[in-house]
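Chemist:
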Amino acid sequence: MNIRKPPPAGAVLAGVVLVLSLALVPAALAGKGSRSGGSSGSTLTGPFMVTDNNGDGLPNWDDTVTFHVSTSASVPSVELDCYQNGAIVYQGSTGYYATYMWPNNYVLKSFNWSGGSADCTAILYSTNKRGARTDLATLSFSVAA
């Protein structure tokens with residue numbers, strides 16, 4: 105009959121430290137969910153014109169814009185929120201990953217936004233398998249009338 109000796113106490117402690125380190129490192133490196141942006145190494149730039157109805161090169165009501173995204177997140181998306189006088193008049197979200205089937209464009213108008221200027225914020229975010237959202241970067245810009 106073979107009798108196994110228990111490992112030395114130092115080896116057990118080292119194994120526990122290694123397992124805890126591997127479990128905690130991803131949580132420490134994950135985005136914090138703040139809207140400060142940039143802390144995750146992700147970037148969001150734009151807006152870039154897709155349709156420029158008056159040809160001025162700037163986002164205006166009824167123009168179509170998109171964004172450029174750089175992130176290591178596997179399923180990144182961008183939410184765009186626009187406000188007039190503190191009231192939300194536009195909210196849209198689109199995926200920025202290879203299997204997303206629709207265009208990554210935002211038409212700057214809505215049922216609640218029939219004209220006029222607005223203040224907009226684009227938020228680059230990712231969601232995990234349980235649906236929890238992590239904000240990675242933000243970008244604010246103005247839309248002219």
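Per our numbering, the very first residue in the sequence shown carries number 105; after that it's consecutive. Ideal placement from N, C-alpha and C gives every residue a C-beta, glycine not left out.
Within its chain, find whatever has a CB closer than 6 Å to the CB of Ile227; leave out the 5 residues flanking it on each side and keep chain order.
Modeler: Locating residue 227 in the sequence shown gives position 123, where the first residue counts as 1. Contacts found: Glu183, Asp239, Thr242.
Chemist: Assign Trp206 to buried or exposed, taking buried as 16 or more other Cβ atoms, counted over all protein chains shown, within 10 Å of its Cβ.
Modeler: Translated into the one-based positions of the sequence shown, residue 206 becomes position 102. Exposed: under 16 other Cβ atoms inside 10 Å.
Chemist: So, at 7 Å on beta carbons, what are the nonlocal neighbours of Val154 in its own chain, with the 5 sequence-adjacent residues on each side left out?
Modeler: What you label residue 154 is simply residue 50 of the sequence shown in a count that begins at 1. Same-chain partners within the cutoff: Thr168, Val169, Thr170, Asn209.
Chemist: Considering only residues of the same chain and omitting the five flanking positions on each side of Trp217, which have a CB-CB separation below 8 Å?
Modeler: As a working note, residue 217 is residue 113 in the sequence shown. Cβ within range, chain order: Trp165, Cys186, Gln188, Val193, Tyr194.
Chemist: Among Ala236, Cys224, Ala222, which has the Cα closest to the Cα of Pro180?
Modeler: Locating residue 180 in the sequence shown gives position 76, counting from the first residue. Among Ala236, Cys224, Ala222, the Cα nearest to that of Pro180 belongs to Ala236.
Chemist: The beta strand (DSSP E) that contains Pro207, what's its start and end?
Modeler: Taking the first residue of the sequence shown as 1, we reach residue 207 at position 103. Neither: Pro207 is in no beta strand (DSSP E) and is coded neither H nor E.
Chemist: Would you mind working out which of Gly159, Ser246, Gly196 sits nearest Gly215, comparing C-alpha positions?
Modeler: In the sequence shown, counting from the first residue as 1, residue 215 sits at position 111. The sequence shown places Phe at residue 215, rather than the Gly named in the question. Taking only the C-alpha atoms, the option nearest Phe215 is Gly196.
Chemist: Can you tell me where the beta strand (DSSP E) holding Pro151 begins and where it ends?
Modeler: Your numbering for residue 151 matches position 47 in the sequence shown. Looking at the DSSP string, the run of the beta strand (DSSP E) that includes Pro151 is 147-155.
Chemist: Could you check which residue in Pro163, Val173, Ser176 has the C-alpha nearest to that of Gly219?
Modeler: The residue labelled residue 219 in the question sits at position 115 within the sequence shown. The shortest C-alpha separation from Gly219 is found at Pro163.
Chemist: DSSP three-state call for Asp185: helix, strand or coil?
Modeler: Here residue 185 refers to the residue found at position 81 of the sequence shown. In this structure, Asp185 counts as strand in the three-state DSSP scheme.
Chemist: Looking only at its chain, what residues have a beta carbon closer than 6 Å to the beta carbon of Gly199, apart from the 5 residues adjacent to it on each side?
Modeler: Here residue 199 is taken as the residue at index 95 of the sequence shown, counted from 1. Excluding sequence neighbours, Gly199 sits near Ser181.
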